[in-house]
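If you read the sequence shown in the numbering used here, its first letter stands for residue 15, the second for the next number, and so on. First comes the structure, then the notes that go with it.
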Amino acid sequence: MRWKRPLITLGLLVALVGGYILAADAAELYLWQAFESGSYIYDVLFETLAWVLPAAIGGGLLFGAIHAAYSESEPTIREGLVRRHEAFGAFFEHWAATVGMLLLIGSGIWLGFLFVPRFAGTTEAVGLAINVHWAGAAILLFAASYHVGGLLMGDHREILPKSGDLKNAVRNVASYLRLGNAPEAEKYLPIQRVSYLIWAGLIAVVAITGLVKAADYPWEVGGGLMSAMTLLHDVFALFTILFLAGHIGAVLMPSHLQQLRSQITGWIPIEYVRSHHSRWLPAKSTSQGHKSGED
C-alpha cells in the first residue's frame with residue numbers, strides 16, 4: 015500500500031489551508047480599548063504566536079535527524095525503476111519548502127518590497143498578508159530545518175557540492191545549448207549540486223534576516239539594524255524569486271521531465287539513470303513489488 019506520499023500531500027494541503035484560515039481569522043479588525051478612545055486593530059501572528067517559529071526550527075531539526083537515522087542509504091531497483099527520493103526524505107522537504115515559499119512570495123509581493131508596489135490596499139488586507147507571511151515562514155523554517163537535521167546525521171551527502179562541480183556545471187549548460195556533451199553524473203548533476211549551494215545561501219540569508227525582522231514584533235529591534243535587515247531581506251528575496259523562476263524553467267526542459275516526475279512519484283526509469291546519471295550505481299535491487307507501507 016502506497017500511503018506515505020498521499021499522507022504527506024494531504025498534510026501539506028492542511029497546513030496550507032489551515033495557515034491561511036488562521037491568518038485570515040487573526041487579520042479581522044476588532045476594537046481595542048472599546049470603553050476609551052480606542053481604534054480598530056488586528057492580531058499579528060509574528061507577535062501572538064512568535065513561539066511557533068523557533069518551535070518549527072527545533073521540531074524540524076529533531077524529526078529530520080530521526081528520519082535520517084532510520085532511512086535507507088542505498089536506492090532500490092524495482093521493475094525497471096530506481097527509487098530516487100524517499101517519501102519522508104527529499105519528497106517531503108522539497109514540497110514543504112515549495113508550499114512555504116509560495117506563501118512567502120505571494121504575501122511578500124502583496125505587501126510590496128523594493129520597487130514592487132504594495133497591492134494590499136486596506137488595513138485588513140495588510141494584516142492578512144503579514145499573517146500569511148508568518149504561516150509561510152513557519153512551514154519553510156520547518157522544511158529547511160528538517161533537511162539540516164538530516165545533513166547533521168549524514169544524510170543528503172550526494173547533493174553536497176564536490177571539487178570540479180563548477181566546471182562541470184558549465185558543461186551542463188553547454189550541453190543544454192547543444193554546444194557540447196554533458197559530463198558523467200552521479201545521483202545529482204553537477205549543476206544541481208551548484209544550485210543547491212546557491213539555494214542554501216539564499217534561504218539562509220532570507221531566513222536569518224526574516225527572523226530578525228520578526229523579532230521586532232514581540233521585542234523592539236534597533237532602527238539601524240532593522241533597516242539593514244529589511245534591505246538584505248528584500249534584496250535576497252528578489253534573488254530567490256528570480257532563481258526560483260530559473261529553477262522552474264530548468265525542470266520543465268524535456269531532458270529533465272523524468273527528474274520532475276521523480277520528485278512526485280519518487281521513482282525514475284533505470285534507462286534514464288543509465289543515460290543521464292551513469293555514475294550513480296544502485297547497489298541494492300529487488301524483483302518484488304512495493305512492501306506494505308512503502309513509498
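Positions of the beta carbon are idealized from the N, C-alpha and C atoms, including for glycine. All of these numbers come straight from a predicted model, not from anything done at the bench.
When DSSP states are grouped into helix, strand and coil, S53 belongs to the strand group.
A37 is a Cβ neighbour of W148, given a cutoff of 8 Å. For W109, the uninterrupted alpha helix (DSSP H) segment begins and ends at 106 to 125. Taking C-beta atoms as the reference points, I282 and R98 count as a pair closer than 8 Å. Listed as beta-bridge partners of P283 by DSSP are L95.
For P204, the enclosing alpha helix (DSSP H) has its first and last residue at 204 to 228.
The C-alpha of L274 lies about 14 Å from the C-alpha of T112. Comparing alpha-carbon positions, the option among G33, I212, F102 lying closest to L21 turns out to be F102. In the DSSP assignment, T244 falls within the unbroken alpha helix (DSSP H) covering 237 to 265.
Looking from the CA of I80, the closest CA among M267, M167, T23 belongs to M167.
Around the C-beta of G25, fewer than 16 other C-beta atoms lie within 10 Å, and the residue is accordingly described as exposed.
The beta carbon of M240 sits closer than 8 Å to those of V226, K227, D230, all from its chain and outside the five residues before and after it, given in chain order.
In the displayed model, V130 falls within a strand according to three-state DSSP.
Beta-bridge partners of T136 (DSSP): none assigned. In this structure, DSSP gives Y160 a helical state, which the three-state scheme calls helix.
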